Every structure is written in structure tokens, then in C-alpha cells.
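Note sheet for the following structure.
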Amino acid sequence: MIAIALRTLRHRPGGFAATFLSAFLGASLLMAFASLLDTAAGADEASAESLGTTASVAGGWCLVIVVFAVTSTLSLAVRQRGEQFAVLRRAGATGPQLRRMIVGEAVAVAVLAAAVAVPVGLASGRVLLGLLKDTGQVAEGVGYAFGPVALAAGFGVTLVGAVIAGFATSRRTSRMGVKRERPRARRIAAGLFLGAAAGCAVLTATVMDGKGIDAMQTAGQAGIWGSIGLALLAPELLRLTGSGGQLASAVMPVTLFSGIATGTVYMQGIEDDAAAGQIRPDYARDIQTLNYVVVGMITVFVAIMLVNTLIAATVHRRREFAQLRLAGATRGQVTTMVAGEALRVTVTGILAGSAASLFTILPFGSARTGEIWPSATIAPYAVIAAIAVLLTATATLGTTRRSIRGPALLRA
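With this note's numbering applied, the sequence shown corresponds to residues 16 to 427, in that order.
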């Protein structure tokens with residue numbers, strides 16, 4: 016089955032593009048932050064401390080998001096191949112054989128993606144070190160190092176994430192013929208993430224109250240855990256709006272994007288207001304710079320994941336679009352239908368992300384200003400929502416238009 020997996024990758028590269036891109040970008044991010052630990056080994060004590068803080072906090076946040084992104088895109092790829100797995104089962108393939116094939120494909124994609132990501136991670140790490148030097152957090156004489164820690168993080172985490180995702184998604188093929196969802200396991204995972212978010216929020220509002228900028232460490236984690244938890248509940252959230260759960264894979268990245276971006280941007284705004292006119296300790300610059308770098312890099316990663324997932328999900332529906340046209344629907348009607356779905360996806364994802372961001376905003380505002388609902392303008396939120404709408408509409412409608420070109424009979 017491993018040989019079949021490799022031949023499948025060779026003959027169907029397009030089917031693995033979404034998983035490859037998620038793994039590639041994730042490995043690049045992880046290598047960039049992990050390389051700061053390689054650099055810290057040859058730095059002075061003060062510089063090494065700043066490098067270690069940046070690598071551990073930002074790298075930890077990236078780690079969870081990267082594993083989640085690889086798992087979700089691989090799960091989507093497996094669901095889209097239900098007919099192929101059903102044929103293999105009818106031809107005599109056993110459940111363990113299919114699982115080995117799926118895990119083998121995931122590992123092959125992860126290894127290739129991590130290898131291609133090495134130069135990108137190296138260059139990104141240099142940029143991070145330059146930012147830390149420009150703000151005085153790292154001495155100018157510290158030389159950049161890209162070594163075993165960076166490579167172990169990039170290859171190791173990407174491979175482990177791919178194996179976990181492969182095993183998790185392959186379980187759905189154990190009784191193939193019918194695509195089986197396991198809502199109980201997904202809901203339990205969502206509950207665990209939301210519980211972690213609530214725990215970090217409580218810590219921020221209580222233990223970290225009065226601790227100044229240090230409260231960002233737990234507040235930022237709360238928003239990320241909350242975003243992942245609500246993203247896992249996408250099928251249930253869609254049903255509340257009267258939509259089917261088949262759009263859940265598209266809601267997840269919208270939720271992550273809007274939740275992480277909103278929480279981090281408003282957290283930084285609260286911090287800037289709270290510290291206005293005060294003399295802040297030197298390490299405050301470290302955390303502030305770290306915060307802007309993290310939100311920028313992670314938000315870009317999640318935005319690309321959003322577009323990546325939406326394009327993959329829409330391309331898979333080419334046959335559905337062709338059948339609708341053969342049944343009498345016009346291209347305009349198909350596009351209108353998809354536009355309506357994209358609107359529901361965007362609204363659901365933005366609302367879920369907004370709720371997730373409150374795990375960060377409310378406790379951090381309480382800890383830093385004593386106000387449960389801090390004073391802030393709606394402008395940043397409007398910009399984030401507009402970007403989410405733009406990305407969703409561009410990816411979904413643009414792919415749909417390309418998918419319905421030409422005669423419908425050839426695609427049915």
C-alpha cells in the first residue's frame with residue numbers, strides 16, 4: 016500500500032496541493048522561530064533570554080495552529096476521495112492497508128513540504144533576528160544560526176502532525192463505503208480547547224491582574240485555544256444558521272483568522288492605552304515587538320490557509336456544479352448559490368471568531384485597565400471582517416467561475 020500511496024502522489028499531485036501548502040507554510044514558520052534557539056546558543060546572556068522568549072512563546076502558538084491546519088486540510092483531502100477508497104475496499108483492500116496508504120501519503124507530503132521549507136525558514140529567521148536587533152533586544156554582534164533545533168522543529172513537528180492527521184482521518188475509511196464522521200470525538204476535542212481557553216482567561220483576569228504586559232502571555236493563548244475550539248464546532252454552528260454541515264471545512268479557517276487577528280490586535284490596543292505616558296521596563300518592548308511579529312506571521316499563515324482550504328473545497332465540487340447545469344441551472348444560478356453559501360460561511364466564521372477573541376480581550380482588559388469592556392474603536396474589527404469577506408469571496412467565487420467554464424457534460 017505504501018507503493019500505491021507514492022504512485023497516487025505522482026499521478027494526482029493536485030489532490031495534495033492544499034495539504035502540501037499548509038505543511039510547507041507551517042514548517043517555514045516553525046523553522047524560523049526555532050532557529051532563534053540555535054542562535055541563542057552562541058549569544059550573550061541578555062540576548063539569549065530575548066531569543067528564547069520569542070522562540071518559546073511564538074513558536075508554541077505556531078505549533079498548535081500548524082498541527083491543526085495540517086490536520087484539517089488532510090481531513091478534507093481524505094473526505095474528497097471517498098469513492099476511491101470505496102473502490103479499493105471492494106477490490107479487497109483491508110482497513111489497515113488503507114490506513115497505511117493514507118498515512119504514507121501524509122508522511123511523503125510532509126517530508127517534501129518540510130524540505131522545500133528549509134530556505135524559506137532560514138530567510139524568515141534572519142528577518143526575525145533583524146527585527147529583534149533593530150529594537151535593541153538582541154546585541155548587534157550576535158550571528159544568526161540555523162541548525163539542528165530549527166531542522167528538528169520543522170521536520171519533526173510537520174511529520175508528527177502529518178502522522179497524527181493521517182491516523183485520525185484514516186479511521187474514517189475503516190468501514191468505507193459510507194463516509195463516517197465522529198462528532199463525539201470532535202466535540203470532546205472542542206470542549207478541551209474551550210476549557211483551556213477558559214482556564215487561560217481566568218488566569219489572566221486573576222493571577223495576572225496587575226502584572227502589566229506579562230498578562231499578554233496567557234491572554235494570547237486563551238484566544239488561540241478558543242478559536243480552535245469554536246472552529247471544531249463549525250458543523251454545529253452552521254446548523255444554527257440553517258446551513259448544512261458540509262460547509263464546515265470552510266468555516267474553520269475563517270474562524271481561526273478572525274478570532275486570532277481580532278483578539279491580538281485589540282489586546283495590543285489595550286496595552287498601548289494602558290501604558291500611555293508610563294515608563295515601561297525594557298522587556299516590555301520585547302513582548303510588544305513579539306506580539307506584532309506573531310500576529311503578523313500567524314495571521315498571514317491563517318489567511319493563506321483560509322484561501323487554500325476554500326479553493327480545495329470548491330474545486331472538489333466541479334462535478335456537482337456540472338450536474339446542476341445539466342439539470343437546467345445556469346452559470347449565473349450556480350454562482351449565486353455559491354455566493355449565498357460563501358456569505359453564510361463568512362458570517363458564521365466571523366461571529367465564531369469574534370466570540371473566541373473575547374477569551375483574550377475581556378480578561379486582558381480587566382487585568383490591565385480594570386474594565387471588563389475596554390474602550391476601543393470598531394475600526395480594527397471592521398478591517399478584519401472586511402479582509403475575511405474579501406478572502407472568502409475571492410477564493411470561493413473565483414474558483415467557482417473557473418470550475419463552470421466549458422461544457423457541463425465533460426465535467427459530470
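Glycine is no exception: its CB is placed at the ideal position from the N, C-alpha and C atoms. None of these values were measured; they are calculated from a predicted model.
What are the start and end residues of the alpha helix (DSSP H) that includes residue i?
i       : result
Met-223 : First-last for Met-223: undefined, no H or E at that position.
Leu-405 : 394–418
Ala-276 : 263–289
Leu-50  : The sequence given here places Ser at residue 50; Leu does not occur at that position. First-last of the alpha helix (DSSP H) with Ser-50: 32–55.
Asp-149 : 110–149
Glu-356 : 346–384
Phe-447 : Since the first residue of the chain shown is 16 and the last is 427, residue 447 is not available in this structure.
Trp-240 : 231–247
Val-164 : 163–166
Within 10 Å of its beta-carbon, does residue i have 16 or more other beta-carbons around it, so buried, or fewer, so exposed?
i       : result
Val-349 : buried
Glu-335 : exposed
Pro-111 : exposed
Gly-421 : exposed
Asp-149 : exposed
Ile-117 : buried
Ile-203 : exposed
Gly-364 : buried
Ile-393 : exposed
Ser-428 : Past the edges of the chain, shown from 16 to 427, lies residue 428, and the structure says nothing about it.
Thr-54  : buried
Gly-274 : buried
Met-191 : Because the pLDDT of Met-191 is 47, which lies under 50, any placement of that residue in the model is unreliable, and the number read from its coordinates should be weighed accordingly. Met-191 comes out buried.
Glu-286 : buried
Arg-340 : buried
Ser-381 : buried
Gly-158 : exposed
Trp-388 : exposed
Gly-140 : buried
Leu-255 : exposed
Ala-397 : exposed
Ala-328 : buried
Leu-103 : buried
Ser-390 : exposed
Leu-405 : exposed
Val-142 : exposed
Thr-415 : buried
Under 8 Å between the Cβ atoms of residue i and residue j?
i       : j       : result
Ile-243 : Phe-272 : no
Val-360 : Ala-265 : yes
Val-269 : Gly-413 : no
Thr-407 : Val-353 : no
Ser-62  : Phe-161 : no
Gly-145 : Val-81  : no
Ala-92  : Ala-33  : yes
Val-153 : Ser-65  : yes
Leu-78  : Leu-52  : no
Arg-114 : Phe-31  : no
Phe-48  : Ala-84  : no
Ala-230 : Arg-383 : yes
Leu-89  : Asn-323 : no
Leu-262 : Glu-356 : yes
Pro-395 : Gly-284 : yes
Thr-69  : Leu-147 : yes
Ala-123 : Ala-180 : no
Ala-205 : Ala-125 : no
Met-267 : Ala-246 : yes
Ile-228 : Arg-346 : no
Ala-211 : Trp-240 : yes
Three or more C-beta pairs under 8 Å: does that hold for the stretch 131–141 against the stretch 163–174? Taking 8 Å as the limit for Cβ pairs, the verdict is that the stretch 163–174 does touch the stretch 131–141.
Decide yes or no for the touch test of the stretch 272–287 against the stretch 365–379: beta carbon pairs closer than 8 Å, at least 3 of them. Yes: the two stretches touch, three or more of their Cβ pairs being nearer than 8 Å.
The stretch 321–339 contacting the stretch 229–237, beta-carbon criterion three pairs below 8 Å: No, because fewer than three Cβ pairs between the stretch 321–339 and the stretch 229–237 fall closer than 8 Å, the two stretches do not touch.
Could you tell me whether the stretch 377–392 touches the stretch 247–257, using the rule of 3 or more Cβ pairs below 8 Å? Verdict: no, contact absent.
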